[in-house]
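Student: Chains as they are written, first to last, in this note's numbering: chain G, 399 to 637; chain L, 399 to 637.
Here a beta-carbon is modelled for each residue, glycine too, at the ideal position from N, C-alpha and C.
(1) Any C-beta of chain L sitting closer than 9 Å to the C-beta of residue 602 of chain G?
(2) Can you confirm whether residue 529 of chain L, when its beta carbon is compared against all beta carbons of chain G, has any partner nearer than 9 Å?
(3) Ignore the nearest five residues each way along the sequence and tell me which others in residue 600 of chain L's own chain have a CB closer than 6 Å to its CB.
(4) Under 8 Å by Cβ, that's how I've got residue 433 of chain G and residue 462 of chain G pegged, so tell me the actual separation to the nearest angstrom.
(5) I'd like the ranges of any beta strand (DSSP E) spanning at least 3 consecutive residues and lying wholly in the segment 415-493 of chain G.
(6) Whether or not the segment 417-424 of chain L and the segment 437-457 of chain G are in contact is what I'm after, with contact meaning three or more pairs of Cβ atoms, one per stretch, closer than 8 Å; do they touch?
(7) Using a beta-carbon distance below 9 Å, is residue 408 of chain L in contact with chain G?
(8) With distances taken Cα to Cα, identify the nearest neighbour of residue 483 of chain L among L:423, L:507 and L:622.
(9) Using the beta-carbon of each residue, which ones in chain L are nearer than 8 Å to residue 581 of chain G?
(10) Given that a residue counts as buried once 16 or more other Cβ atoms are within 10 Å of its Cβ, and exposed if not, what is residue 618 of chain L?
(11) Just the Cα atoms here: how many angstroms apart are residue 425 of chain L and residue 438 of chain L?
(12) To the nearest angstrom, how far is it from the Cα of residue 631 of chain G to the Cα of residue 520 of chain L?
(13) Who are residue 554 of chain G's beta bridge partners in DSSP?
(14) Thinking C-alpha only, which one of L:604, L:528, L:486 and L:444 is nearest residue 435 of chain L?
(15) Which residues in chain G have a C-beta closer than 8 Å to the C-beta of residue 610 of chain L? List them in chain order.
(16) From residue 576 of chain L to residue 469 of chain G, what distance separates their C-alpha atoms?
(17) Determine, using beta carbons only, whether residue 626 of chain G comes closer than 9 Å to chain L.
(18) Would you give the residue range spanned by the alpha helix (DSSP H) that residue 635 of chain L belongs to?
(19) Spatial neighbours of residue 539 of chain G within its chain, please: C-beta separation below 7 Å, excluding the five flanking residues on both sides.
(20) In chain L, which residues lie less than 7 Å from residue 606 of chain G when you measure between Cβ atoms?
Below, the structure is given as structure tokens:
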């Protein structure tokens, strides 16, 4: 892990860009240590530098968490194959047209999840090797990656998943194997995530300790107070 | 409004029993005034002295809210007619047997809601006439009564409803007229409240600012942190 830049923010949080092989990432550490670590895996369509994602990470770090994010393979600003670009375009077109997207989604996002999870594990190894980072470890964000990671990675102690209307078949089937405490956050009118599928997924999770939060509005309309609720959820399970 | 007893609790909260005509109630006022008022209307099958209800009211008052509850007509320790007792027994029997309960429910709970709401309005008038109580006013608890009260009573500024699987037809139809900020709390496996009906009710509320919280488990299994979340919800809208 190689740090390429750093800046100290007003509230004492240290924000550092890093690379780990081909993986670019950002690490936020709060002024006070030791702090629980939260891996925030954003939706594959956004770069990790998206202002809303950065604002959330800084807010969370200022409240006493170490936060890390990466652009996983094929995501964010990472190179994309011509086939990936074509699949993304086709997915967007089909969604706009209101056509069924399951097959495109399955053939495109399924492999993306398979490639992303090992990169998160590599990142987690490197993060926990840093002297300033301990545990325990939480996961927040992209549902499909989080399911797989929670199933294969025993170091994940609690998870917050967002949306989850479209999730590859493999992860829908793995959902019952998720046994860590879970906060499942969805937008009631999410234009890209069918509500009933998200509710079915919540029902399927194997954990005994799961909470659903839903708010009115579209995919990007999550109210700010849900970030505070997420931090409190991690506070109950990681602190 | 006549106070019949009072005790000062450890955290400075004053707990007073009162009667208002035939209505028995309890009022908790925090050490610091003025405080927003929360009307907590419990399920009609419980008395207001139920230890879990009292614990929640004390907890909320200790966090800076005035809390009031009553035993409404035919509820709690109030006299019940032979017809009411028979309807309650029949409802319990049908639920245990897994038989449809809509008609019993409609004919029994519908009129109960109609009788309860004016008693809450009378109580609210009397409470707001006390020098130590101002506003704004929130409502927490029994869904059907809360819907009717939120529709007919402009002094209600925010509401938290619990369960809501069985709600009389009149209130299901009025749900779209509820326009105050709303927190809707349900138990995912509530044995007495069909999940899909509760989700449909959440969908029907007319308010633009509504949040759903659901947790695994049966009717009485709501985790304690939801009480903290409810207090924060009221904090955002009443303080």
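Tutor: Short version:
(1) no
(2) no
(3) 582 and 610
(4) 5 Å
(5) 421-427, 435-439 and 464-468
(6) no
(7) no
(8) L:507
(9) Simply none; closest approach about 10 Å.
(10) exposed
(11) 10 Å
(12) 39 Å
(13) G:535
(14) L:528
(15) 586, 610, 611, 612 and 613
(16) 43 Å
(17) yes
(18) 623-636
(19) 438, 439, 440 and 560
(20) 614
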